[in-house]
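Residue numbers (my numbering): 23 to 174. All residues carry an ideal CB built from backbone N, CA and C; glycine is no exception. Quantities reported herein were computed from a predicted structural model and do not represent experimental measurements. First comes the structure, then the notes that go with it.
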């Protein structure tokens, strides 16, 4: 049985960081937090995807593309499972998001500022790449020190 590479173990940190940053971006833009089991399912899937991706992706541009794709999928998942409450986002007052009080009583509220959601998830994708590159450096440093201490 093969032991797991240090890089594969550290990839779980990048997966958790992607979900945490995606949730923070979603909440800052006014989205609601999904239920805990849904959040844990997203975290598990992101960690597994990060572990698989860590074997084949080593370039920063491809990592940025996959991080952006992950943030898009997280947005869709958080939006489908949690919904959106216009005007409740921390950054809505900076972007001018206001509640439309002229809508009918039974009508669904507006989806809010799509641009603000895009910007925050884009920032989360970039931060995820920075975390993943830092984790990769730590994994390389940890594997280097492990091979020096165990020259088997």
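- Residue 37 is classed as buried because its beta carbon has at least 16 other beta carbons within 10 Å across all chains shown.
- Per DSSP, residue 51 lies in no alpha helix (DSSP H) segment and is marked neither H nor E.
- Residue 57 carries a coil assignment under DSSP once its states are collapsed to helix, strand and coil.
- In this structure the region 48–65 does not lie against the region 85–92, because fewer than three pairs of beta carbons, one per stretch, are closer than 8 Å.
- Only residues of its own chain outside the window of five on either side were considered, and among them 89, 90 and 93 have a CB closer than 6 Å to the CB of residue 147, listed in chain order.
- The Cβ atoms of residue 40 and residue 150 lie closer than 8 Å to each other.
- Between residue 97 and residue 143, the alpha-carbon positions lie close to 8 Å from each other.
- Here residue 137 is exposed. Its C-beta has fewer than 16 other C-beta atoms within 10 Å.
- Residue 45 is a Cβ neighbour of residue 61, given a cutoff of 8 Å.
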